[in-house]
Each structure stands twice: as C-alpha cells, then as structure tokens.
Ligand code: F3S
C-alpha cells in the first residue's frame, strides 16, 4: 500500500505508540484486502462500546491505546452499551456491570469519544454527508449510513474502528470504492408495507437470500419514512450481512434502476409479495400462547416520532407487561420536554437509554421482570433475542405489540 510521508511517519512511531499501533492495524487490513492507499475519515462510530462484547482484554486494549494522552483524530461516537447510564440500579443492573461499563466508557471518553451509547447516532447529530468516507461499526448503523445517507464505510470491527479514530484514516477498499457499491440483486416489492415491522419483515426475508450482497429494491413508496428505512436496514443486516442497499427513487445512489446497478446485471431477482411477508412474520414469531412479560421497542433505538406514536396509543391507559422503549438520551430529553415521556411513564412504559437486549447485560433486569415471553416490532431483536436470552418472542406491528402490552397476551 502506498503511504504518504505523513502516514509513513505515523507508522514509524514518530507520533507515539498508539498512533503507530493504529497504523499497523490499518495497513495490515489494507494489505489483506488489497487497498492501494489510505483515505482520511472524520467520522467514526465505535462498536465494542458495551462490556457484553468488549471483555477484560478489549477494555485493557482501549485503555492502553489511550495512554500518553492519545486523542481521537476523528469525531467519534460510542455505540450502545451494557446498561442505562442514568438509571442502572433502578433497572436492576449489577454493581459489577456498572463499574465495568464505566471503566470502558471512560477509556473512550478520555480520547474524545462521545458517550451517546446509541446505535442511531444519525438521529442525534452524527450525520455524515453524501460521499463522505467514514469508519462505522454496528451493523444497523452501517446499513443506514451507507444506504440512506450515501456516506461510505466498511463493516468496521472494534480494533479497526479504534485505529481509524486514532489515525483518522482507513484503507481504501470495499464500500469506499465505487465498484463495490453497485447493486447485485433485484427485489421487486409487491406487498403493501405500512408499519416499521413490515419493513423489518422485508429486510429479514431479503437478508437471508442476499447474505452480504447489495440488494436493489423497486416498488417501495417514495414517501417511505426514516424510521421505516432504519428498520429495513437493521433487518437486512441481521438475517444477512447487508451493509448497503439501494431503493430506486429513494436512496441517493439509486435515482434510477440503471444507476443502482451501475452496469451490473442482477445475479437474481425476487418478488416480495403478501405471502412472502406473511412467511417472514411467521419465521420471526414462532410463539403461541405464552403470556407476554416484556414488550421491547426501539431496535434500532427509537426516533422521537416513534415515541410520539406509541405515546398516542397508550395515552390514559396502563400496560400489564413490562415495556421498554429504547432510545438515545437526547431523544428521551426531547420526549420529556414535549410531554410524551410523561404519557409513556404514566402508562407504565420505561424509556431505556444507552443499551438494548442484545448489547446490554440484560439477564440482570430480565430476572427482575420474570420473563415468560417478549413481544417486539423489531426484526433484529426478534432474530437475536430467542437465541441469546432463550426468550420466546412474538413479532408484530407496533399496534399489535402495544396491544400485547395492554392485555398481557399477544
Ligand atoms: Fe441497536 Fe441493540 Fe438493536 S444496538 S440495533 S438496539 S440490537
């Protein structure tokens, strides 16, 4: 890989051990993937921000990289953590979790990381522009930033994202290059799509087929919402490993079908109709009969709009099941200002920030609830929760899940 003289100095150790180590990681990656050069990045979203995925060794590594006052060269936000940083004890997180998570978060913060602990940083101001090269982790955020915003990132793991934040660059390969951003599979959507769970079902069905390929969708209405797009991307990245998708007439690299494929011929074409939608719901919701003890929404973390919609559904009512609405702290703050947080709390719903049932130390609060079954409108959560927590899970629309919370059955 061709390095600039500045990059060579970084690799030679002229800027200290952490910068040198970062460049070693990045040049090794570049060599593996055949990158010809480095490209600067000003934006990093850090996976490995939860102690559930970053154990003792990873936490020590982050601390070591921060030795000698190392500072991030790129604006860096932290992904979802293991607990709600503001109410860990109230929610039942253990003292060990609290202390370990603070240790990891603090190590990132000392280098300049912003401890927003959310998987939807783009909803709270970390919003790269079209064509910008970035280094993001967290599969749902990667799909969103690549596809909806048109910025360019590979699927960065913890060490690579940390190295990119310190060095302010990444090797130029994969989704940074035009030729890897062209569509490969065509999906014709005939089913009617309304709730975010419909988009989750679509993403789930397509992800199992295209795996890590680039799907191109036709038939999705032009007024599809940001919330629906984040649900679609998260599901594509759960059943598959999709990091980039195009929607003709919607996403920025797909003004036309031809531009979405960029000269590629679709490797396969599928139609997603009502029967496929029904099948996807069935795959995600295998349970029948168990009472619902927990409803979880906000995977990826909720927008203010999603919170408002649920608040309007439960205004003046009381839920029977525990109900967590996951979101970023700034979104909760706005919900409090707008009065919707109060409506949710009066109904018995808890706004949980900084964490989620997949990256959180959730065995602790779940023990407190006494789990029987969970209901969710998130395909990602429905995909991971049964395996991770051995929880029977129902998958349904927002309205179905709210009703399940109100009645205690799905
Ligand atoms: Fe976010 Fe956790 Fe879901 S990180 S996308 S809420 S699994």
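Numbering (my numbering), first residue to last: 6 to 415.
Glycine included, each C-beta is placed from N, C-alpha and C at the ideal position.
All figures in this text were calculated on a predicted structure; none of them were measured in a lab.
- When Cβ pairs closer than 8 Å are counted between the two stretches, the stretch 390–401 is seen to touch the stretch 373–380, the count reaching three or more.
- From the listed residues 181, 168, 81, the smallest Cα separation to residue 158 is found for 181.
- Going by DSSP, residue 102 is part of the alpha helix (DSSP H) stretching over 100–115.
- Annotation: the stretch 282–353 contains the following complete segments of the alpha helix (DSSP H) (minimum length 4 residues), in chain order: 309–319, 334–343, 345–352.
- In this structure, 277 is the residue among 155, 277, 177 with its C-alpha nearest to the C-alpha of residue 198.
- DSSP lists 332 as the bridge partner or partners of residue 358.
- Residue environment: residue 132 is assigned as exposed (fewer than 16 neighbouring CB atoms within 10 Å of its CB, all protein chains considered).
- For the ligand F3S, a non-hydrogen atom lies closer than 6 Å to the CB of residue 363.
- Taken in chain order, the complete alpha helix (DSSP H) segments of 4 residues or longer contained in the stretch 182–257 are 201–215, 231–244.
- Proximity of the beta carbon of residue 145 to the ligand F3S is indicated: a heavy atom of the ligand is located closer than 6 Å.
- By DSSP's assignment, residue 273 forms a beta bridge with 190.
- Where residue 150 is concerned, the enclosing alpha helix (DSSP H) starts and stops at 144–152.
- The distance from the Cβ of residue 223 to that of residue 193 is about 5 Å, consistent with a contact at the 8 Å cut-off.
- Secondary structure of residue 140 (DSSP, three-state): strand.
- Going by DSSP, residue 48 is part of the beta strand (DSSP E) stretching over 48–51.
- Straight through space, the alpha carbons of residue 7 and residue 372 are spaced by roughly 54 Å.
- By the CB criterion at 7 Å, residue 212 and residue 255 fall outside the cutoff.
- Residue 335 has its alpha-carbon roughly 21 Å from the corresponding atom of residue 103.
- Residue range 22–38 is occupied by the alpha helix (DSSP H) that includes residue 34.
- Pairing residue 208 with residue 240 gives a Cβ-Cβ distance under 7 Å.
- Under a 10 Å Cβ-count criterion, residue 61 is classified as exposed, with fewer than 16 other Cβ atoms of the shown protein chains found around its own Cβ.
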